[in-house]
Each structure stands twice: as C-alpha cells, then as structure tokens.
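Worksheet: one structure, shown below.
2 protein chains.
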Amino acid sequence: MSASKEENTQVLFVKRPADRLDVAETFAIARQPMPTPADGQLLLRIIYLSIDPGTRSWMEDRRSYVSPLVLNEMMRGSGVAEVIESRCADYSVGDIVIASTGWQEYAAVDATLVSRLSVPEGIALPVAFAGLHIAGLTAYFGMLDIGQIKAGQTVVVSGAAGATGSIAVQIAKLHGCRVIGIAGGPDKCRHLTEVLGVDVALDYRATTFEEDLATATPAFVDVFYDNVGGDVLDAVLLRLAKCSRIVLCGGISQYDRAEARGPKNYLEIIKQSASMVGFVLYDYKSRYPEAAAALAQWIAEGKIKVCVDVQEGGVSKAPDALARLFSGKNIGKQLVRVGAEPGNQ
Amino acid sequence: MSASKEENTQVLFVKRPADRLDVAETFAIARQPMPTPADGQLLLRIIYLSIDPGTRSWMEDRRSYVSPLVLNEMMRGSGVAEVIESRCADYSVGDIVIASTGWQEYAAVDATLVSRLSVPEGIALPVAFAGLHIAGLTAYFGMLDIGQIKAGQTVVVSGAAGATGSIAVQIAKLHGCRVIGIAGGPDKCRHLTEVLGVDVALDYRATTFEEDLATATPAFVDVFYDNVGGDVLDAVLLRLAKCSRIVLCGGISQYDRAEARGPKNYLEIIKQSASMVGFVLYDYKSRYPEAAAALAQWIAEGKIKVCVDVQEGGVSKAPDALARLFSGKNIGKQLVRVGAEPGNQ
Chain A
1 MSASKEENTQ VLFVKRPADR LDVAETFAIA RQPMPTPADG QLLLRIIYLS IDPGTRSWME
61 DRRSYVSPLV LNEMMRGSGV AEVIESRCAD YSVGDIVIAS TGWQEYAAVD ATLVSRLSVP
121 EGIALPVAFA GLHIAGLTAY FGMLDIGQIK AGQTVVVSGA AGATGSIAVQ IAKLHGCRVI
181 GIAGGPDKCR HLTEVLGVDV ALDYRATTFE EDLATATPAF VDVFYDNVGG DVLDAVLLRL
241 AKCSRIVLCG GISQYDRAEA RGPKNYLEII KQSASMVGFV LYDYKSRYPE AAAALAQWIA
301 EGKIKVCVDV QEGGVSKAPD ALARLFSGKN IGKQLVRVGA EPGNQ
Chain B
1 MSASKEENTQ VLFVKRPADR LDVAETFAIA RQPMPTPADG QLLLRIIYLS IDPGTRSWME
61 DRRSYVSPLV LNEMMRGSGV AEVIESRCAD YSVGDIVIAS TGWQEYAAVD ATLVSRLSVP
121 EGIALPVAFA GLHIAGLTAY FGMLDIGQIK AGQTVVVSGA AGATGSIAVQ IAKLHGCRVI
181 GIAGGPDKCR HLTEVLGVDV ALDYRATTFE EDLATATPAF VDVFYDNVGG DVLDAVLLRL
241 AKCSRIVLCG GISQYDRAEA RGPKNYLEII KQSASMVGFV LYDYKSRYPE AAAALAQWIA
301 EGKIKVCVDV QEGGVSKAPD ALARLFSGKN IGKQLVRVGA EPGNQ
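Chains A and B supply the protein sequences, listed in that same order.
Just so we're aligned, residue 1 is where the first sequence starts under full-length UniProt numbering, counting upward by one.
Just so we're aligned, residue 1 is where the second sequence starts under full-length UniProt numbering, counting upward by one.
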C-alpha cells in the first residue's frame, strides 16, 4: 500500500499571474512528509484531481465566492481519493470520497469535510467523479434551476465540449430542447454532434460564426448557457429571444488575462427584456444528493455520456493540465491522475 | 385657437449618427400643412414633448424593442396634447391625452392609440406628464417588479437626478430602503440629498468615486438600478451583495457612441450569484393604470417630487433638448414646450 510511502508531493501556488498564466512561474513542487490524521480525520490517497477553469479566478487577490489563494501555500483543488487510514467511525479504509484535497498526493482531512462518492455499477471512477461532482452538478442546477429550460426551447451552450458544457447540452436534449453547441475547431464540433447529440454544432473560430449562429437560430435563443464570454457572448446577445435567459456559468475566454473585457452588446438585455443570472455551485449544496441521483441514473441509462480527459504523470502534471484548459485542448472533464485506482496498484 | 394656424412644423430624422450625436446633421426642420383627422382619429395640438435617452438607440439600423427610425421621416417621440378636433365619440375637444405624436406641433392620431392623462388637482401638467407617464412608470415597474426591493435593503441608483432615476430613488425610500444616488457634479448631488431625500449622494466624476462607493456600501449593494452603464456599472459590480439584482434600465453613457463598451467586471455576477435583468416599459402595458394610480397618490401626498426641465422655444428646439440629455445637463425629466398649456394661449 502507498501508505508506506514516506513522501507527499505537493504543488504550491507561488506567484500571482499578472496576465496570462505561466505555469512555470505560478507553481512550484514541494516534497513534504506524509500527513498524519488527527482524531476525526481521514488520511486520503488521492486518485484523480479535478482541474477547473474557475481556479484561475482564485489567483487574483480580490473578493470572490471563495477566499483568494495564499502565496506559497498548497494549490487548492478537489479530488477523488481512497481512505487509507480512518480516525472517524463513519469511514473505513477503502472508502472512496471526494474532498477539497489540494494538489498533493496525500491529505489528512476532517471527515466532516468529505463526501462519499458512490460509483454506480459499470461506471468508471473518473466518469463518476466528473459526472456526479462539480461538472455534472453545475450543469444540472445551471440548466434546470437557473436556465429553467422547457421543451421546445432553443438552447445554446458555449464551451459545449468542455466538462460542464458537455453535460449541459445533454440535459437540455433530455428535456426536449433544440440544442446548439458552440466549441472551438472541427474535432470538437464533430464530438458535439456524433457523441453528445446536439442538433447543431458551431465552431466559434470559423469566420462565418456570426452568420452560422443566425442561421441556426431562426426563432432566436431562449436560453444561453455561457461558459466562455468574450466574442461568443457578444454574438449570442444579438440573437436573444424576448424574455430569454443567460445562464452565466463561466467566462473561460476572460479568466486568463489581466482584465476581463465586458460584453459590448449587453444592452440587448434591455431590448429583449432578458436576464443574465450568475450562480456558484455552492449555492445548491443542500440539493447535491438530488442532482447526483438524477445524474447517476441518466449516466447508467446511457442518456448522458461523460467524457474525461486524463492527464497522466502524477500531481506534478496538474499545472500543465490547468494550462491545457486555457489552450482549449481538452474534450470533456480535465483530470489529473495522481495515483492508481484501487485494485490497480 | 391654434387650429386656425395653417402650418405644422416637424422635425425630421435625416441622418443616422455614426458616433456622437450631431443634432445639426441628424435632424432637419420641415413645414407641412396641418394634418386632417380621418374618421376615428383625433387632431392633437402638442403641448410638451418627452425627450428620452432611449431614443438614441432607435437611430441605429438594427433589431431593437421598436423598429429603427426611418430616414427622412418625422422623428418619433411621445407628447402630451390637447384634442382640438375629435372624430371619435370617446374624446372631446379640450381633452388632455398622451400619444406617440412625433416631433411636430399637430398630429392626427387614431383614437385607439392615445390614452387620457388625468391631471390630479393641484399638480402641474408637465409634472403629471413626467410622473405618470414614461419616467414614472419605468421607475415603478423597474424598482418594484424587476428590482423587487425590500425594506432595509441597500439600493443604489445611477442617473439618480435624471427623469427615471429621480423617481426611482424616491420609490425606494418610500419602501424603507437605504438609498444611494449617483449623479454627475455637486449641483445634482445636492439636489439628490436636499430635494429627493437620498441617504447618500455620490458624484461619479469625483476622483474618489470608487472609494466613496465602497464607504457608502459597507454591507454591499442589494439592488442596483442602472441608467448609466460604463464605469459606474463597473464600480457597482465590485460592490454587489450575494444574490443581488441589477435592474438594467438604461445605459446613457453608452448610447451616444458607435459601439458600447461592456461592463468589464460582469463576471462578478457569477461570484455573487447575482442577476442582471433588462426590461422595457411596454412589457407592463396592461398594468399602467395600477402604476399611474399609485404614482398619482404619492405625488399628491408630496411623497414623490417630480422635477421637470423644460426646454422652451417650440418643437424646433427638440434636437437641442436631446443633446442636452447626453451632455448630462438636465435635472429631472427633459421636456420641450411645443405649445401653450390650455388656458394660457
């Protein structure tokens, strides 16, 4: 068992990026002794780390939905892990849990701060982690509670090949909507139509993107689920239907720069009596079980396909995986494999 | 009676502004014969024209909540008028009505398209027109229906000395909110505190504006009623409370330019689970009587003061009055006097 290993590799956050993320400057690798769990804690061996675009905003030293990252401390992030030592009666060695583990190999975490990941029969661990945790839950509440989608509506999703977007488009299809997915490049667009089943896939890098969007939305857009911002948001703002809703889930085009550029067409929100609604997943904490149960069923029934993009090579590759998100290379949920899956060690 | 006058002066819209409004280029004066009302129509003598910032957006040749202005046709706008000839049994000579009269002295209008303005005892005609028509109704629905203000909340209003803003701040005060009004320059700020009764007046032109706003909002901002956009919107976005609402009523800082600049801090809407909601007054058409009745009562009781800024000199001064709005010179509702009030002719 890895518990015998004496070192714990961590990734530290050592410099706030002034503009575009330079992972070599932003992060440093440290080797610490194995943590020792106190009473009420669990010692976790991390299997996969979740790499999330929102992470980038924590690097700024300003007010947000979580406190800013502290320089020279371990990078924050959530992971799926195996309990390898338990000092809490509710958990046993071998349990699979999700926790804010940080970017490291082993974590000693209060048992009150972890949640069990039940991996349904026949579903791979990374699929369960991506589909039933941050990405799946975000798509669920964003599309259903914030977007309030109804059958027959035209729903547009940007970042549609990404972790949250790829689940969001499928939830909208399941609810009888006409779904237009926006992604970058022909490979992702093919993935959208062939794997995820969107009605129309649009490549925002195409020179004809704005016309393509207009052609694809003859009755305008009822719900826009935006993960991207920038020019994509501006283009969709010009296609809003009366009383339409913009689900503001993210703005990946704007995170990795010194200052975001606002949507210049935002006054269309007035003209169409539309609304733009933001949310963070934590708002829905009390309803995670409801959402995870629905997602697990859809995944088990094959109604939702969860794609994962696993960066191999251990925790020290987590910075590269984060950079990969901003380069738009990932299809589906970006994970980093930190340790072997149970039974494969 | 003026009905004997044989000419009707009109203002035509003759050139779409490419950027900043140049009234000498945009408009032209035309002299037409007096219109003749058909069956079912009224001949109106216009007394005051309403000058509204939203007008500027009709000048662009693109999709909006109303069709774009047509070149070389009369400029669109609403006015309060006296019926001087009636070919509809529901109206009599001498009735005071509101209609989309256009920028002219006389209009022949279908009786189905006008509404009666009942001027409460002791209230001046321009006050009734400003308070019970576009500005008052917009403030009413924007603050109560879109803003959903509650007693004890911190409410910020930009363009607070303007037509809609000045009524919006008073509606918020009436409902027990702590109200911060934003306007340009010390005269307007004095007006906000001394006449309109806001708790704090902030001058957005002050170099310390952002700090002043932070100091004035220790518990952040629950509702922001925005008439302005630009830097003011960006500053308030940084002060949003969790689950706050932005009532997107207008963006006067952005209308009079070739391309609007979006709010660069819009991603704060995600971080604070906030919403930005647009509306146009026409959405609430069926509820105008309810709102007008409430406003009339508040005005009669002295709870809402309506300030009007009347440009004298006749309909040909309407272009100057519009330019005045964008220069930020008006305090309260900008009107143009086209003809004498009944009894003063």
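Ideal Cβ placement from N, Cα and C applies to all residues, glycine included.
- In this model, VAL315 of chain A and THR112 of chain A are separated by some 25 Å (Cα to Cα).
- Contact between ILE171 of chain A and VAL198 of chain A does not hold, since their C-beta atoms are separated by about 12 Å, which reaches or exceeds 8 Å.
- Under a criterion of Cβ atoms nearer than 8 Å, no residue of chain B is adjacent to LEU137 of chain A; the nearest Cβ is some 15 Å distant.
- The Cβ atoms of ASN265 of chain A and ASP234 of chain A lie closer than 8 Å to each other.
- Taking 8 Å as the upper bound for CB-CB distance, LEU125 of chain A and VAL80 of chain A are in contact here, some 7 Å apart.
- Under the DSSP assignment, TYR282 of chain B falls outside any beta strand (DSSP E); it carries neither an H nor an E label.
- THR9 of chain B: not part of any alpha helix (DSSP H); member of the beta strand (DSSP E) spanning 7-13, first to last residue.
- Leaving aside the five residues that flank LEU322 of chain B on each side, the residues in its chain whose CB is nearer than 6 Å to its CB run, in chain order, ILE51.
- Proximity of the region 89-99 of chain B to the region 62-76 of chain B falls short of the contact definition, fewer than three beta-carbon pairs being nearer than 8 Å.
- With respect to chain A, the C-beta atom of GLY159 of chain B has no partner C-beta closer than 8 Å.
- Assignment of beta strand (DSSP E) within the region 129-215 of chain B, counting only whole runs of 3 or more residues, yields 154-158, 178-183 and 200-203 in chain order.
- Setting aside the 5 residues that flank it on each side, LEU240 of chain B is surrounded in the same chain by PHE220, VAL221, GLU268, GLN272 and ALA274, each with a C-beta closer than 7 Å to its C-beta; the list follows chain order.
- In summary, the residues of the region 273-291 of chain A whose CB is separated from some CB of chain B by less than 8 Å are SER273, ALA274, SER275, MET276, VAL277, GLY278, PHE279, VAL280 and ASP283, in the order they occur in the chain.
- If only uninterrupted alpha helix (DSSP H) runs of at least 4 residues are considered, those enclosed by the region 230-271 of chain A are 230-237, 252-255 and 268-271.
- One finds LEU248, MET276 and GLY278 in chain B with Cβ atoms closer than 7 Å to the Cβ of ILE269 of chain A, taken in chain order.
- Cβ-Cβ distances below 7 Å link GLY339 of chain A to SER2, ARG45, ILE46, ILE47 and GLU105 in the same chain, with the five nearest sequence neighbours on each side left out; the list follows chain order.
- The shortest CA-to-CA distance from ASN330 of chain A to any of A:CYS307, A:ARG337, A:LYS317 and A:GLY313 is the one to A:CYS307.
- Look at GLN254 of chain B: its C-beta is under 8 Å from a C-beta on chain A.
- SER78 of chain B carries a coil assignment under DSSP once its states are collapsed to helix, strand and coil.
- In this structure, B:LEU144 is the residue among B:LEU144, B:THR164, B:ALA160 and B:TYR204 with its C-alpha nearest to the C-alpha of HIS175 of chain B.
- Between GLN41 of chain B and ASP95 of chain B, the CB-CB gap reaches or exceeds 8 Å.
- Of the residues assessed, ILE29 of chain A falls on the exposed side of the cut-off, its CB having fewer than 16 other CB atoms within 10 angstroms.
- Under the Cβ criterion of 8 Å, GLU85 of chain B is not counted among the residues facing chain A.
- By alpha-carbon distance to SER92 of chain B, the top candidate from B:TRP103, B:SER78, B:VAL114 and B:ALA300 is B:VAL114.
- Residues of the region 50-66 of chain A that bring their beta carbon within less than 7 Å of a beta carbon in chain B comprise SER64 and TYR65, in sequence order.
- Considering only A:SER253, A:ASN344 and A:ALA293, the residue with the shortest C-alpha distance to ALA128 of chain A is A:ALA293.
- For the 8 Å CB-CB criterion, VAL156 of chain B and ILE182 of chain B form a contact.
- Your pair GLN254 of chain B and GLY229 of chain B checks out as a contact, with CB atoms roughly 5 Å apart and the cut at 8 Å.
- From the listed residues B:ASP309, B:LEU21, B:SER158 and B:GLU85, the smallest Cα separation to MET34 of chain B is found for B:GLU85.
- With a contact defined as Cβ atoms closer than 8 Å, ARG337 of chain A and GLU312 of chain A qualify at about 5 Å.
- Under the 8 Å criterion on CB atoms, GLY251 of chain B is classed as interfacial with respect to chain A.
- Remark: C-beta atoms of LEU21 of chain B and MET75 of chain B do not approach each other more closely than 8 Å.
- Residues of the region 306-336 of chain A whose Cβ lies closer than 9 Å to any Cβ of chain B: none.
- Annotation: Cβ neighbours of ALA260 of chain A in chain B (cutoff 8 Å, chain order): LYS264, ASN265, TYR266 and LEU267.
- For TYR225 of chain B, the beta-bridge partners assigned by DSSP are B:VAL157 and B:VAL247.
- 8 Å or more divides the Cβ of VAL247 of chain A from the Cβ of LEU213 of chain A.
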